[in-house]
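There are 2 protein chains.
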Amino acid sequence: MTRAPQEPLTTAQQELYDWLADYIGTHRHSPSIRQMMQAMGLRSPAPIQSRLRHLQQKGWITWQEGQARTLQLLGDMVGAAGIPVLGAVAAGGLVTAFDDVQEHLDLAPVLETRGLFALTVNGDSMVDSHIADGDVVLMEPVQDPQRLRNGTVVSALVAGSGTTLKHFHRQGATVVLEAANPAYQPIELPAEQVEVQGRLVAVWRQV
Amino acid sequence: MTRAPQEPLTTAQQELYDWLADYIGTHRHSPSIRQMMQAMGLRSPAPIQSRLRHLQQKGWITWQEGQARTLQLLGDMVGAAGIPVLGAVAAGGLVTAFDDVQEHLDLAPVLETRGLFALTVNGDSMVDSHIADGDVVLMEPVQDPQRLRNGTVVSALVAGSGTTLKHFHRQGATVVLEAANPAYQPIELPAEQVEVQGRLVAVWRQV
DNA sequence: GTTCGGGCAATACATTTGTACCGTTCCTTG
DNA sequence: CAAGGAACGGTACAAATGTATTGCCCGAAC
Numbered sequence: 726m727t728r729a730p731q732e733p734l735t736t737a738q739q740e741l742y743d744w745l746a747d748y749i750g751t752h753r754h755s756p757s758i759r760q761m762m763q764a765m766g767l768r769s770p771a772p773i774q775s776r777l778r779h780l781q782q783k784g785w786i787t788w789q790e791g792q793a794r795t796l797q798l799l800g801d802m803v804g805a806a807g808i809p810v811l812g813a814v815a816a817g818g819l820v821t822a823f824d825d826v827q828e829h830l831d832l833a834p835v836l837e838t839r840g841l842f843a844l845t846v847n848g849d850s851m852v853d854s855h856i857a858d859g860d861v862v863l864m865e866p867v868q869d870p871q872r873l874r875n876g877t878v879v880s881a882l883v884a885g886s887g888t889t890l891k892h893f894h895r896q897g898a899t900v901v902l903e904a905a906n907p908a909y910q911p912i913e914l915p916a917e918q919v920e921v922q923g924r925l926v927a928v929w930r931q932v
Numbered sequence: 726m727t728r729a730p731q732e733p734l735t736t737a738q739q740e741l742y743d744w745l746a747d748y749i750g751t752h753r754h755s756p757s758i759r760q761m762m763q764a765m766g767l768r769s770p771a772p773i774q775s776r777l778r779h780l781q782q783k784g785w786i787t788w789q790e791g792q793a794r795t796l797q798l799l800g801d802m803v804g805a806a807g808i809p810v811l812g813a814v815a816a817g818g819l820v821t822a823f824d825d826v827q828e829h830l831d832l833a834p835v836l837e838t839r840g841l842f843a844l845t846v847n848g849d850s851m852v853d854s855h856i857a858d859g860d861v862v863l864m865e866p867v868q869d870p871q872r873l874r875n876g877t878v879v880s881a882l883v884a885g886s887g888t889t890l891k892h893f894h895r896q897g898a899t900v901v902l903e904a905a906n907p908a909y910q911p912i913e914l915p916a917e918q919v920e921v922q923g924r925l926v927a928v929w930r931q932v
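Each protein sequence line maps, in turn, to chains A and B. For the first sequence, position 34 (counting from the first letter as 1) is numbered 759 according to the working numbering, and the numbering increases by one without interruption. For the second sequence, position 142 (counting from the first letter as 1) is numbered 867 according to the working numbering, and the numbering increases by one without interruption.
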């Protein structure tokens, strides 16, 4: 999640920014200055240049000088993933109503991490860690299993058996794979029989 | 989640496509043909044109003719969210190891839905529905509360109180907001005192 | 009033950029 | 061997494009 630390805009600037966000969200690439000009109903590129310069100074956009169609929106980095986080909600009781945007949910930093992979969860052995059957877990490849902290959720390949999602614990030369469900017994194995494949980064559940 | 239904590529085409995916993922905009030329170590734009044409014919890319830097990758739509789903994992016991990519996790369709907003969960009233304290829930605005199915998870604004995340039930003119935690009592209210703001679309938990 | 900044129009210009054309080489397929 | 496709180099050109400059208008601030 990232903040959106920008200064306020004039109506003309806001109008351009909104149109840019919509255009880029639809076309997946930046328009040219003359396209913006037409969309704003103008007949000269100068006003667009001016607005762009102001949007840049105020930290809303950026681009590579001299290069065509290299505009980037900074407000909601991905555009697609720019979802406003309106506030805290629920509890047991009731919390105060939210009114305006507090920050922006930006999944990009996570999703951009190279090498990430995802697994579909099958079964209920991790329910007490709030990972349910059918959830998709995003995993980060683990280079050095020695540096894993005990308790980390990992996907591990057990020699001759299969892959499982469990809490990881190391006890000397032994590795314990512990479920988050009292119905399942911890699996205790020599370290060399367990290949840790990935570390849990995020849980995604689509309803 | 989307498939990637494309014809096979030659090594040169694959090399270009991979570089494009990396470049666009990093810079968020398409490079120019001459930038591709340099990146591929070539000294003429013609080979790039050729590769691009083939990539287009095989359904991997597209662009708007005559317009600079309007290239789009079709393979994994967002690029950033193109995370391979390797297979099912865990259960109580062990499942077979995965070997190759089965499908791609594509968050774009969800994240592109206009009007989505997110809320930070505060409290443990929904733990039995695997929504934990600190999770971020993605909500879709609800236009017509009449069409909500009973049991749907909604964020609701209770008149004079605040916003809460609960299971939604309608009983005639009465609305029942039910927690997923036996420690909390259902809230029963006249329908006009409850304003349903959004419907749960997805749960995101970053570790 | 004066000043200053934002916004618009018009014009100009050097680059960038997509595209086309020609010829060559290399490899695979028949 | 011949034929075809893919790839590469070189060149050329019209159009698209970013950018700079000048002048004008308007409203807010002083």
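Beta carbons: idealized from backbone N, C-alpha and C, even for Gly.
Mind pulling the chain B residues with CB within less than 9 Å of residue i?
i, result
"A927 (chain A)", "W929, R930, Q931, V932"
I need the DSSP call for residue i, collapsed to helix, strand or coil.
i, result
"H752 (chain A)", "helix"
"G912 (chain A)", "The amino acid at residue 912 (chain A) is misidentified as Gly; the sequence shows Ile. Of the three classes helix, strand and coil, the one that applies to I912 (chain A) here is strand, per DSSP."
"Q871 (chain B)", "helix"
"R768 (chain B)", "coil"
"V852 (chain A)", "helix"
"Q792 (chain A)", "coil"
"L798 (chain B)", "strand"
"T736 (chain B)", "helix"
"V814 (chain B)", "In this prediction, V814 (chain B) scores a pLDDT of 48, lower than 50, which makes its location untrustworthy; the coordinate-derived value is nonetheless stated afterwards. Note: V814 (chain B) maps to strand in three-state DSSP."
"A679 (chain A)", "This structure cannot speak to residue 679 (chain A), because chain A is shown only from 726 to 932."
"S775 (chain A)", "helix"
"A746 (chain B)", "helix"
Using DSSP bridges, identify the partner residues of residue i.
i, result
"L882 (chain B)", "B:T888, B:E920"
"M864 (chain A)", "A:F842, A:L925"
"H894 (chain A)", "A:V901"
"T877 (chain A)", "None, per the DSSP bridge assignment."
"R930 (chain B)", "A:V928"
"I786 (chain A)", "A:L798"
Please classify residue i as buried or exposed, where buried requires at least 16 neighbouring CB atoms within 10 angstroms.
i, result
"Q922 (chain A)", "buried"
"A884 (chain A)", "exposed"
"G848 (chain B)", "buried"
"H752 (chain A)", "exposed"
"A843 (chain A)", "buried"
"D824 (chain B)", "Legend: pLDDT at D824 (chain B) = 42, less than 50; position of this residue unreliable, value from coordinates given subsequently. Classification of D824 (chain B): exposed, given that the 10 Å Cβ count is below 16."
"V879 (chain B)", "buried"
"P756 (chain B)", "buried"
"V932 (chain A)", "exposed"
"R924 (chain A)", "buried"
"A908 (chain A)", "exposed"
"D860 (chain B)", "buried"
"R872 (chain B)", "exposed"
"T899 (chain B)", "exposed"
"T787 (chain A)", "exposed"
"R778 (chain A)", "exposed"
"S769 (chain A)", "exposed"
Can you name the residues of chain A whose CB is closer than 9 Å to the CB of residue i?
i, result
"V852 (chain B)", "H855"
For a contact meaning CB atoms closer than 7 Å, what does residue i contact in chain A?
i, result
"T735 (chain B)", "Chain A residues near T735 (chain B): none, gap ~25 Å exceeds 7 Å."
So residue i contacts chain A; which residues on that side make the cut at Cβ distance below 8 Å?
i, result
"Q782 (chain B)", "Within chain A, no residue comes near Q782 (chain B); the closest Cβ sits about 20 Å away, beyond 8 Å."
"T795 (chain B)", "H752, H754, R794"
Hey, is residue i close to the ligand ZN, as in C-beta under 7 Å from one of its heavy atoms?
i, result
"Q910 (chain B)", "Looking at this structure, you won't find the ligand ZN or any other ligand, since it has none at all."
Open item on the list: Any C-beta of chain A within less than 8 Å: which residues of the stretch 740-754 of chain B qualify?
Closed with: G750, H752, R753, H754
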